[in-house]
Structures are given as structure tokens and as C-alpha cells.
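Asker: So that we are looking at the same thing, I have put the structure below in C-alpha cells.
Residue numbers (this note's numbering): 7 to 357.
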């Protein structure tokens, strides 16, 4: 049923046409992907099926030319939420069904007929794509070009400093924003609260830490971590999965930024020492899954405050310094980072 719905959506959108494959061309394979879509409470909304092109078989210059597509920065998203909360505005959202299927293709691309929907008597034929299909290298670029031109035609104005931000004054309402890219958005009369509780619980379950004993500090102050060349090596892929999962949590958890950034330096040849620190962060997460950021409505003037600091040659391996900053707008933080400097500082001033 879900597969037929996907095919119907593709055909209704005039995404392809059945044709013979030109001798000078090759076709790209396709496959079915199944996914369960859930809401902010983890409840199942629907079961989705996607027909996806095997884009990894495409060759640059032949099957595609340009793949770049801008992605909204989390700093921008948090700043918009903070502004809305400060001014008492409501946040709304919309979801474009089969978004990538709306993007027009400039290249000549052919795909195989999907499994289960091969035309009888025309098995030798292929589909020529007129619009993008999920999985194609150029699909994100094609979709952004489409939505950008639509926004401009509807009177939206692009932002000079953020390519994915478009603004327009209007009295029309869309659906209330409550779940966005894995981030739960709770709108209250006195402000907006964002968190990733459901995502955090899923991480703990994935790595077998759902029943662990919580700790109340992600990493002890003053702890020094180095390459640990003599330490016992651990599964590199497993370690990268833990660190990668924690990195996305920093979208709403500035308290995890320093510790997660620190362990991310040892993706190559991680040892048991690094894994234990990564697991301690998960133990901290166990007791703080409900943490997030609250942007209060009209608490005071919307001033922007910035805090920054750095250590001095604290890295045990190369003696580089670590810098960090936090940008706070009105009642909540909107941007933060913690990263190692690219050069060796020769003084505290330089650090």
C-alpha cells in the first residue's frame, strides 16, 4: 500500500517517463527504503516508503555536475526561536510532501524500473527522470533551486548572511511548530522550550545505557586527555557512532559541547580511556534527558551578550589551546562552540 502510494505520488508529479535507454547512456539502479515516522512523543504517525536512486553509482561530470545545497545553521534556527519567544510570537511549520520530487533536473538521467512495478512486456525499458529522485547526487540542489524560486515569486526576501532564511510579513497561519529535525519545541504562554529528550533516550537505548547509573557532570574539571598511545584500542566504528550521536545532541545542549568536542579529537585509534569518557557523557545524559533551553517571553530588552574564553596550551599532544564562546540573546543562549585552535599559542594573550 505504501509502495503504491509512493509510485502514485511520483507519477502524479510527472517525475519520469518510460523510454528506451540510449546506447550512449547507462541507467541507475533504484531500491525501496522503509521508515516509520513518529511525532515528538514517539507515537507512530505513519509508515513511509521511499523509492531511492542508487546515487553512489553516479559519476561526476557525466550523471551530475553540481551537488551543493545550503543547509540551515542551528545557530540561525535557535536565534529565530529566541526572537519569537522574546516578542511573544507563535511559531508555525509546514512539511512539503515528497520534497525532492519537486526539483527539476538539468541533466539527462535514466533509472531502472522499480522492483514490483516493472511494466509487463517492457522490461527492457527504463525511466528518464524529469525531476529529482531521492538518492540522486543533484537532488538537494535541484530542490533548493525550486523552493528558492517559489519563495521569491511569493514575495519572500532572502537573507544576505543566511542563504536558507527567507522572510515575509503575513497574517496567514500554518501548523504550530512542535517537532523539527529531532528537536522538540514546546510553546507556552511565557516562552518557548526546546530539547531533544526523545533523541537522547534513543541514544541511551542504542548503546545499552538505558539502565546505567547517572552522574551529574559530563567530565570532571581538570581532566587531561591525550592520544593514549599505550592504551588498549577499541572498536573505532562503535566509538565514532557514540561521538557522532552526541554531537547532534549539542544542538540544544551547550553543557555537552566541551566534553563532546574533546573526545571527538580521537576518532582515529581510540582507546579504552576515550571510550570510558564517552560513556561517562552518556551516564550524564541519563540523568539529564529532560534538559534543554528555555527562551522566555518579554523578560527584558533583547540584548545580545557574548562570553568567550580559552585555556593556554592545555592539549597534551600538541600544546594547542582550546577556545570557546557563548552568544546569549535575551533570556537564552543561541550559539556556542568549543574547539581546539589551529596554531600553537606562545602567550596567554595570543591564546
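Glycine included, every Cβ here is placed at the ideal spot set by N, Cα and C.
When the Cα atoms are used, what is the spatial distance from residue 259 to residue 283?
Answerer: Here residue 259 is taken as the residue at index 253 of the chain shown, counted from 1. Here residue 283 is taken as the residue at index 277 of the chain shown, counted from 1. Those two C-alpha atoms are separated by around 17 angstroms.
Asker: Is the beta carbon of residue 289 less than 9 angstroms from the beta carbon of residue 240?
Answerer: Sequence index remark: in the chain shown, residue 289 carries index 283 (1-based). Sequence index remark: in the chain shown, residue 240 carries index 234 (1-based). No, Cβ-Cβ distance for residue 289 and residue 240 is not below 9 angstroms.
Asker: Cβ atoms of residue 302 and residue 197: under 9 angstroms apart, would you say?
Answerer: For this step, residue 197 is matched to residue 191 along the chain shown. For this step, residue 302 is matched to residue 296 along the chain shown. Contact: yes.
Asker: I need the straight-line Cα distance from residue 107 to residue 329, nearest angstrom please.
Answerer: Stepping through the chain shown from its first residue, residue 107 is reached at position 101. Stepping through the chain shown from its first residue, residue 329 is reached at position 323. If I take the Cα positions, the gap works out to 42 angstroms.
Asker: When burial is assigned at 16 or more other CB atoms within 10 Å of the CB, is residue 190 buried or exposed?
Answerer: Position 184 of the chain shown holds residue 190. Classification of residue 190: buried, given that the 10 Å Cβ count is 16 or more.
Asker: Could you name the residues that DSSP lists as bridge partners for residue 144?
Answerer: Position 138 of the chain shown holds residue 144. DSSP lists no partner for residue 144.
Asker: Can you round the beta-carbon distance between residue 82 and residue 171 to whole angstroms, since I take them to be within the 8 angstroms contact cut?
Answerer: The sequence position of residue 82 within the chain shown is 76, counting from 1. The sequence position of residue 171 within the chain shown is 165, counting from 1. That belief holds up - the Cβ atoms of residue 82 and residue 171 are roughly 6 angstroms apart, short of 8 angstroms.
Asker: Helix or strand or just coil, what does DSSP make of residue 254?
Answerer: In the chain shown, residue 254 corresponds to position 248, counting from 1. Reduced to three states, the DSSP call for residue 254 is helix.
Asker: Roughly how many whole angstroms lie between the Cα atoms of residue 339 and residue 61?
Answerer: By 1-based counting over the chain shown, the position of residue 339 is 333. By 1-based counting over the chain shown, the position of residue 61 is 55. Their backbone Cα atoms lie some 39 angstroms apart in a straight line.
Asker: Decide if residue 267 is buried, meaning its Cβ has at least 16 other Cβ atoms within 10 Å, or exposed.
Answerer: Along the chain shown, read from residue 1 onward, the residue named residue 267 stands at position 261. Counting Cβ neighbours within 10 Å, residue 267 comes out buried, since at least 16 surround it.
Asker: So residue 173 and residue 162 are supposed to be a Cβ contact under 8 angstroms. How far apart are they, rounded?
Answerer: Here residue 173 corresponds to residue number 167 of the chain shown, with the count starting at 1. Here residue 162 corresponds to residue number 156 of the chain shown, with the count starting at 1. That pair is a contact at about 6 angstroms.
Asker: Using the beta-carbon count (16 or more within 10 Å), is residue 124 buried or exposed?
Answerer: The count along the chain shown starts at 1 and reaches residue 124 at position 118. Exposed, by the Cβ-count rule.
Asker: Can you tell me which of the three DSSP states residue 149 falls into?
Answerer: In the chain shown, the residue the question calls residue 149 occupies position 143. Helix.
Asker: What three-state label does DSSP hand residue 19 in the structure shown?
Answerer: Looking up residue 19 in the chain shown gives position 13. If DSSP states are grouped into helix, strand and coil, residue 19 belongs with coil.
Asker: At 3 residues or longer, and completely inside the region 191 to 255: list those beta strand (DSSP E) runs for me, N to C.
Answerer: Fully enclosed beta strand (DSSP E) runs of 3 or longer: 197 to 201.
Asker: Enumerate in chain order the residues of its own chain whose CB-to-CB distance from residue 152 is below 6 angstroms, with the five nearest sequence positions on each side excluded.
Answerer: Indexing the chain shown from 1 puts residue 152 at position 146. Closer than 6 angstroms at the Cβ level, and outside the excluded window around residue 152, lie 108 and 109.
Asker: Quick one: give me the first and last residue of the beta strand (DSSP E) that residue 282 is part of.
Answerer: Taking the first residue of the chain shown as position 1, residue 282 is located at position 276. Not the beta strand (DSSP E): residue 282 falls in the alpha helix (DSSP H), residues 278 to 292.
Asker: Looking only at its chain, what residues have a beta carbon closer than 7 angstroms to the beta carbon of residue 256, apart from the 5 residues adjacent to it on each side?
Answerer: As a first step, residue 256 must be located in the chain shown, where it is residue number 250. 262, 263 and 266.
Asker: Can you tell me the Cβ-Cβ gap for residue 9 and residue 55, rounded? I've got them flagged as a contact below 8 angstroms.
Answerer: The count along the chain shown starts at 1 and reaches residue 9 at position 3. The count along the chain shown starts at 1 and reaches residue 55 at position 49. So it is a contact: roughly 5 angstroms between Cβ atoms.
Asker: Just verifying my parser: in three-state terms, what is the DSSP assignment at residue 315?
Answerer: Here the question's residue 315 lines up with position 309 in the chain shown. Correct three-state label for residue 315: strand.
Asker: Compute the distance between the beta-carbons of residue 291 and residue 206, then report whether it is under 9 angstroms.
Answerer: Position 285 of the chain shown, counting from 1, holds the residue named residue 291. Position 200 of the chain shown, counting from 1, holds the residue named residue 206. Yes, the pair counts as a contact, with Cβ atoms nearer than the cut-off.
Asker: Exposed or buried, which one is residue 252 when buried takes at least 16 other CB atoms within 10 Å?
Answerer: Residue mapping note: residue 252 aligns to position 246 of the chain shown, counting from 1. Its Cβ being crowded by 16 or more others within 10 Å, residue 252 is buried.
Asker: Tell me the rounded alpha-carbon separation between residue 11 and residue 215.
Answerer: If you number the chain shown from 1, residue 11 lands on position 5. If you number the chain shown from 1, residue 215 lands on position 209. Distance between the alpha carbons of residue 11 and residue 215 is about 38 angstroms.
Asker: Can you list, in chain order, the residues of its chain with a C-beta nearer than 7 angstroms to that of residue 148? Leave out the 5 residues immediately preceding and following it.
Answerer: By 1-based counting over the chain shown, the position of residue 148 is 142. Taken in chain order, the residues that qualify are 109, 110, 111 and 138.
Asker: From this set, 218, 228, 212 and 281, which residue's C-alpha is nearest residue 237's C-alpha?
Answerer: Here residue 237 is taken as the residue at index 231 of the chain shown, counted from 1. Comparing Cα positions, the closest option is 281.
Asker: So, is residue 40 buried or exposed, given that buried needs 16 or more other C-beta atoms within 10 angstroms?
Answerer: Reading the chain shown from its first residue, position 34 is the one you call residue 40. Exposed, since its Cβ has fewer than 16 Cβ neighbours within 10 Å.
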